[in-house]
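Have a look at the structure below before the remarks.
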Amino acid sequence: MRAGKRPLRFPDAIRELLLTRYRNQRRNWLSEGEETGERWPIAFGLDGPTEEDARRQPDRFGDWIAAWRAWQGAGEVRVG
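In structure tokens form, the structure reads like this:
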């Protein structure tokens, strides 16, 4: 794990976060609709590596980039 930060978020980790949020919030979404305060679409930061992280673990950084380039799930990945 990177000092002071979470590990890189790969597509499977984001999928699990979304499933957990769905399981925990689906009743609220259905009963309260837009009143839940949830922003749509749901967005997650990918916790990309710092320049130092990439320099120290170039293989891990490369795996992370390759995983997101290959991802074909619903939604979109935005940079920036």
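Read the sequence shown against the working numbering and you will find it ends at 137, with the numbers running on by one and no gaps.
Glycine is no exception: its CB is placed at the ideal position from the N, C-alpha and C atoms.
Note that the coordinates shown come from a computational prediction; the quantities given were computed from them, not determined experimentally.
A distance below 8 angstroms between beta-carbons, with the five flanking residues on each side excluded, links residue 114 to the following residues of its chain, in chain order: 106. For residue 119, the enclosing alpha helix (DSSP H) begins and ends at 115 to 127.
In this structure, residue 72 lies away from residue 104, with their beta-carbon atoms at least 9 angstroms apart.
Here residue 86 carries a helix assignment [DSSP, helix/strand/coil].
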